[in-house]
Amino acid sequence: MIDLEVEMLTAFFATLTQQSEPLPADFVVQLNQISESLDLNQLDELITNSILGKNYATIYDLLVSQSSFRGLGLATTPNHQPELENTTCTEVDNVASRIPEQNLDQILNQIETRLHQETSTSLIKRICGNLNPIEAAKTIFLTSGI
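If you read the sequence shown in my numbering, its first letter stands for residue 96, the second for the next number, and so on.
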């Protein structure tokens, strides 16, 4: 798995752990389909154009800047401005709970550790293939795991 995919999955999983409201049923159905196809491009497109888009972009940008600082990742930050300016996005700003930055760093470290311990395929199937992806992500990354 390349660094870009690791960062994308880490940002996605971290975004899920921050959610306090359930995901729309059609979004969950699409995630279930992605868990079968394992198409990360389709996953990225789904996330950026969904209710998770704003939080995902924020966390992804944080990861990219951290990896650039460490010299392990991308040299430039992708431009997420078109997605942020997309007025057709139905994201509800109040969906994600506020997690202090220190806790977010711990969550990101836990996710990166799990991505090195397990295959990304296994994690995608366990989270995206679950009927409640938010609860699955929280169980896997915020507790001892399933």
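Where a beta carbon is used, it is the ideal one built from N, C-alpha and C, also for glycine.
- Going by beta carbons, T110 and N150 fall inside the 8 Å limit.
- The shortest CA-to-CA distance from D98 to any of F122, V123, L158, T153 is the one to L158.
- Secondary-structure assignment with DSSP links Q212 through no beta bridge to anything.
- Straight-line spacing of the CA atoms in N198 and T112 works out to 11 Å.
- As the crow flies, the alpha-carbon of Q125 is around 12 Å from that of L133.
- Annotation: L226 to N127 spans about 8 Å, alpha carbon to alpha carbon.
- For T112, the uninterrupted alpha helix (DSSP H) segment begins and ends at 98-113.
- Taking a contact as a CB-CB distance under 8 Å, the pair E213 and Y155 does not count as one, their CB atoms being some 21 Å apart.
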